[in-house]
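Engineer:
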Amino acid sequence: MQPADYGQALAAARRWIAEHGRCPQQQEWEHRAPDRPTTRTIKRRWGWEELTRAAGGRAWAGLEAEARKARRLALLFALRLAREELARGGGVGEGDG
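Position one of the sequence shown corresponds to residue 782 (my numbering), numbered consecutively onward.
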């Protein structure tokens, strides 16, 4: 088997993104397509995050930032609800007596 080069790895990552609409997770990458470099090879030679970021381009980086922001807001909302519930007297030990 011929060693993979950066261009082949980048093209494979771009195909994945086009097919699935998102960057691959490392476990998913290993399951299919023997014609692309392994996760281990990518991590060792070019870096997993670096390659997937390059494959996704600037637009993809913006989408990832939006997803992180949405997740952060959802977590903050859940924490605020929990705090309000505790302030009302609910929570752990409720009903113990």
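Backbone N, C-alpha and C fix where the C-beta goes; we use that ideal spot for every residue, glycine too. As the structure is a prediction and not an experimental result, all values here were calculated from the model.
#1: Below 6 Å CB to CB, which residues in the same chain sit around Q820 once its five sequence neighbours on both sides are set aside?
#2: Could you tell me the alpha carbon to alpha carbon distance between T822 and E831, rounded to whole angstroms?
#3: With a threshold of 16 other CB atoms inside 10 Å of the CB of A794, please say whether the residue is buried or exposed.
#4: Please name the residue in R825, D786, A836 whose C-alpha comes closest to that of E800.
#5: Fully enclosed by the stretch 830-869, which alpha helix (DSSP H) runs are 4 residues long or longer?
#6: Quick check on G788: does DSSP put it in helix, strand or coil?
#7: Measure the alpha-carbon distance for I798 versus D816 and round it to whole angstroms.
#8: Less than 8 Å between the C-beta atoms of A785 and P818, yes or no?
#9: Quick one: Cα of L856 to Cα of R849, how far?
Structural biologist: Well, looking at it:
#1: According to the sequence provided, residue 820 is Thr. The question's Gln does not apply to it. Around T820: Q807, W810, E811.
#2: 13 Å
#3: buried
#4: A836
#5: none
#6: G788 falls in the helix class under three-state DSSP.
#7: 16 Å
#8: yes
#9: 11 Å
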